[in-house]
Amino acid sequence: MVTLRSVRPDDLEALYHICLVTGSSGQDATPLHNDPQLIGHIYAAPYAVIEPEQALVAEDEQGVAGYLVGTYDTDRFAQKLEREWWPSLRQRYAEPIFEPTEADRGRIAAILTPEVNPAELVARYPAHIHMNLLPRLRGQGVGTALVHKWIAGARQAGVPGTHLGASANNAGGIAFWTKAGFAPLMTIGRTAWFGMALD
Numbered sequence: 000m001v002t003l004r005s006v007r008p009d010d011l012e013a014l015y016h017i018c019l020v021t022g023s024s025g026q027d028a029t030p031l032h033n034d035p036q037l038i039g040h041i042y043a044a045p046y047a048v049i050e051p052e053q054a055l056v057a058e059d060e061q062g063v064a065g066y067l068v069g070t071y072d073t074d075r076f077a078q079k080l081e082r083e084w085w086p087s088l089r090q091r092y093a094e095p096i097f098e099p100t101e102a103d104r105g106r107i108a109a110i111l112t113p114e115v116n117p118a119e120l121v122a123r124y125p126a127h128i129h130m131n132l133l134p135r136l137r138g139q140g141v142g143t144a145l146v147h148k149w150i151a152g153a154r155q156a157g158v159p160g161t162h163l164g165a166s167a168n169n170a171g172g173i174a175f176w177t178k179a180g181f182a183p184l185m186t187i188g189r190t191a192w193f194g195m196a197l198d
């Protein structure tokens with residue numbers, strides 16, 4: 000049985016783990032990184048720490064095995080990250096104490112100079128989300144249930160739309176988001192952008 004619930008502080012380690020082992024177009028990114036937390040610093044942990052009321056996890060008898068994190072206001076969240084999240088990480092990674100891989104260097108660059116979501120997307124779909132599931136939860140409707148639960152909360156809060164970026168190489172992820180009702184909007188570099196109007 001899978002339970003969907005709000006994130007708790009003690010879920011953070013699980014979020015880092017899930018983010019890493021699904022971080023290469025849905026596959027395990029562990030071999031790509033010498034610092035296993037780097038990818039989670041960007042795509043999972045800050046949401047659970049800074050806006051936990053907008054973060055959900057999926058938990059089965061073995062523990063937390065999936066999450067959907069996001070923000071109702073992308074621009075405001077970016078400002079919070081600048082104040083509350085990036086400064087300590089920038090100090091930590093200014094001179095890494097480990098030998099960074101190419102993937103590590105890319106993540107460190109994203110911490111030092113965060114990527115900005117396309118302004119035209121943010122204007123129409125101000126919220127955004129990230130979701131990852133361990134393989135044992137896939138194909139059971141868990142992802143769809145997480146999306147529905149999060150979107151119901153966003154609608155109740157009056158959010159007009161939400162967007163997300165998926166790896167353009169992740170055919171399974173793109174198929175999922177399209178089936179979930181997200182419209183493909185543009186592809187920039189290696190990222191395929193999707194949006195859903197909620198109003």
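Its first residue numbered 0, the sequence shown is counted upward by one per residue in numbering that gives the first Met the number 0.
We put the beta carbon where it would ideally sit given N, CA and C, even for glycine.
Which whole runs of the beta strand (DSSP E) in the stretch 80-131 are 3 residues long or more, in chain order? none
Reduced DSSP category for Leu145 - H, G, I as helix; E, B as strand; rest coil: helix
Can you check whether the CB of Ile128 is closer than 8 angstroms to the CB of Leu163? yes
For Val6 versus Pro51, is the C-beta distance shorter than 8 angstroms? yes
Quick check: what's the CA-CA separation for Val20 versus Ala196? 30 angstroms
Can at least three beta-carbon pairs, one atom from the stretch 25-40 and one from the stretch 48-63, be found at a separation below 8 angstroms? no
If you follow the alpha helix (DSSP H) that Leu11 is in, where does it begin and where does it stop? 11-20
Are Ser23 and Leu31 touching if we call contact CB-CB under 8 angstroms? yes
To the nearest angstrom, how far is the alpha carbon of Phe76 from that of Thr70? Their Cα atoms are separated by approximately 7 angstroms.
Own chain, CB closer than 8 angstroms to Arg4, minus 5 neighbours either side, in chain order: Leu55, Val56, Glu58
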